[in-house]
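Have a look at the structure below, then the notes.
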Amino acid sequence: MHNVRRVKHTEEQKAQRRKREQHDIQKFQKLNAEVIKRDFSDLGRVLLLTTQMLKMCPEHYTAWNVRREAILKLEEQDQKVYIDQLKHELEFTASLLPQNPKIHWIWNHRRWTAIRLGGGMEHELKLVNLLLAKDPRNFHGWTYRRWVLRLQFNNNIPASEVEKELKFTTEKINQNFSNYSAWHHRVQQLKQLPLELRPQLSAELEYVSQAVFMDPNDQSAWLYYTWLLEGDLYTVSTEVLKEQLDMIEELYSEDRTAYAARALLQLKSLLNMERDQKLVDDLIEMDPMHKNRYRV
1 MHNVRRVKHT
11 EEQKAQRRKR
21 EQHDIQKFQK
31 LNAEVIKRDF
41 SDLGRVLLLT
51 TQMLKMCPEH
61 YTAWNVRREA
71 ILKLEEQDQK
81 VYIDQLKHEL
91 EFTASLLPQN
101 PKIHWIWNHR
111 RWTAIRLGGG
121 MEHELKLVNL
131 LLAKDPRNFH
141 GWTYRRWVLR
151 LQFNNNIPAS
161 EVEKELKFTT
171 EKINQNFSNY
181 SAWHHRVQQL
191 KQLPLELRPQ
201 LSAELEYVSQ
211 AVFMDPNDQS
221 AWLYYTWLLE
231 GDLYTVSTEV
241 LKEQLDMIEE
251 LYSEDRTAYA
261 ARALLQLKSL
271 LNMERDQKLV
281 DDLIEMDPMH
291 KNRYRV
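Each residue of the sequence shown is one higher than the one before, counting from 1 in full-length UniProt numbering.
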């Protein structure tokens, strides 16, 4: 009897769930029909409808577009109401982002709002800090952070701020070496600094080496390692390249990974050394999906 009752209860739950889903679908369809009418005779109603729609489906880009159209019409009618609505948009997007941090349309709307409000960007950085504390690898959060910095300093970020950003990336990377977004942000910040103000190449190589030795199979740190050697960020001397070659050969002898093999090929190419066919064969064996790339 116990088993029968449990099955019956489960069936009831399924029926209730289907009923709720059907109700949500009907509600969504009704809201969608109203939103796409683009009836701006009552702007308050448009904002209410799009609020309800976007709470249900924050990826509904048409609803975001309609909402922005309504807000711009507010600007034509009453400047104070328009500014108040923009401030509300910051609150609205801030309420959606914690549960939907990777939805582009929310970030896009917040960017649109921040541009129109103007003023300092401290509140935007504060929001990004909170979201990156929750998910340090959120690509959208890091991208927005760079946008905020460019806007705040009119594309001329002072060295002192760049140094703060480098420190911030260090904190995030130390929490998790596998944070590709943080490594990428670090590269973007280094590019903002004149060569004489950048951290020493030796220090950066030592830092990233800790990551690749700790986990030779993690792609994120290896990408940063590759960026350092490419020559866009630093002038890399032959002496440094030889030191790195010795170090990576030692690592590869202990832990044969495709990432280390690629790094060795890169280093030997930069040193104008003869192509190592044995290394190419090893790489093809470890990463057969990209064999044509390695054979070039």
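Beta carbons are placed, not taken as given, at the ideal position from N, Cα and C, and that holds for glycine.
Predicted model, so just to flag it, every value in this text is computed and none were measured.
A contact between stretches requires three or more CB pairs, one per stretch, nearer than 8 Å, and the segment 55 to 63 fails this requirement with the segment 72 to 88.
Apart from sequence neighbours up to five positions away, the residues of its chain that approach residue 208 with a beta-carbon distance below 6 Å are 221, 224 and 225, ordered along the chain. Note that the C-beta distance between residue 162 and residue 145 is not below 7 Å. Take the alpha-carbon of residue 52 and the one of residue 120: they are about 30 Å apart.
Straight through space, the alpha carbons of residue 12 and residue 41 are spaced by roughly 44 Å. When rounded, the separation of the alpha-carbon atoms in residue 87 and residue 279 is 58 Å. In this structure, the alpha-carbon of residue 166 lies about 8 Å from that of residue 190. The beta carbons of residue 270 and residue 241 sit closer together than 7 Å.
In the displayed model, residue 257 falls within coil according to three-state DSSP, outside both helix and strand. A residue is called buried when at least 16 other Cβ atoms come within 10 angstroms of its Cβ; residue 202 does not meet this threshold and is exposed.
The alpha carbon of residue 236 has as its nearest neighbour, out of 204, 57 and 181, the alpha carbon of 204.
Judged by their CB atoms, residue 101 and residue 125 are not nearer to each other than the 7 Å cut-off. Taking all protein chains in view, the Cβ of residue 140 is crowded by 16 or more other Cβ atoms within 10 Å, so the residue is classified as buried. Between residue 216 and residue 255, the gap from beta carbon to beta carbon is short of 7 Å. In terms of CA proximity to residue 188, 157 leads the group 157, 133 and 210.
Relative to the Cα of residue 65, the nearest Cα in the group 45, 56 and 38 belongs to 38.
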